[in-house]
Every structure is written in C-alpha cells, then in structure tokens.
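Just so it is clear: in the sequence shown, position 10 is 10 by UniProt numbering, and no numbers are missing. We put the CB at the ideal spot given by N, CA and C, even for glycine. Structure first, commentary second.
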Amino acid sequence: MTLALEIVLVIASVLATVFVLLHKGKGGGLSSLFGGGVQSNLSGSTIVEKNLDRYTIIISLIWVACIIALNLIQTYSA
Numbered sequence: 001m002t003l004a005l006e007i008v009l010v011i012a013s014v015l016a017t018v019f020v021l022l023h024k025g026k027g028g029g030l031s032s033l034f035g036g037g038v039q040s041n042l043s044g045s046t047i048v049e050k051n052l053d054r055y056t057i058i059i060s061l062i063w064v065a066c067i068i069a070l071n072l073i074q075t076y077s078a
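As structure tokens, then:
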C-alpha cells in the first residue's frame, strides 16, 4: 500500500509541475511554446485554460491526499 501511494505521489508531483508550467502567465509561459500564444485570440483558448486549471486542481488534491495517507500509515503502522 505504501509503495503504491509513493508511486502515485511521484507521478502526481511530475504532472503537477508540468501542468503549472503549461499555464499561461504574463509572458505566455511554456504554453506559448506549444502554440498557445498563436491561438490566444481564439475563443477556444479560454476553455483550454479552464480545463488546465481543473486538471491542476485535481492533481494537486491527489498529491495532498497521498501525503496525508502516507503520514497516517507511517504514524499508525508501528
């Protein structure tokens, strides 16, 4: 159980880092490298940003849940 949670934690950490870097910032961020800057005038780009926000929040909640679960397992497994 602990190993599975640790694997999920590492995957969630990497995905959260990627999703945060893909967000459009003041300068465009890394999303402009993948064509996000070209499509910023189109109406579909706001939907993409909303979906990216949702995915980032979900991954962050999974990350926090894994940390809490690992802490509880470590505390009560002795």
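Short Cβ contact (8 Å threshold) for residue i with residue j
i             : j            : result
alanine 16    : cysteine 66  : no
threonine 75  : valine 20    : no
isoleucine 62 : methionine 1 : no
Closest Cα partner of residue i within the set the options
i         : options                   : result
valine 48 : Met1, Val10, Lys24, Ile59 : Lys24
Segment limits, alpha helix (DSSP H) that includes residue i
i         : result
serine 13 : 2–22
Assumed close pair residue i, residue j - CB separation to whole angstroms, cut-off 8 Å
i          : j         : result
leucine 70 : leucine 9 : 7 Å
Own chain partners of residue i with C-beta closer than 7 Å, once the 5 adjacent residues on each side are dropped
i          : result
serine 60  : Ala16
lysine 50  : none
leucine 52 : Phe19, Leu22, His23
valine 64  : none
Contacts around residue i, its chain only, beta-carbon distance under 8 Å, and the 5 residues preceding and following it disregarded
i         : result
leucine 5 : Cys66, Ala69, Leu70, Ile73
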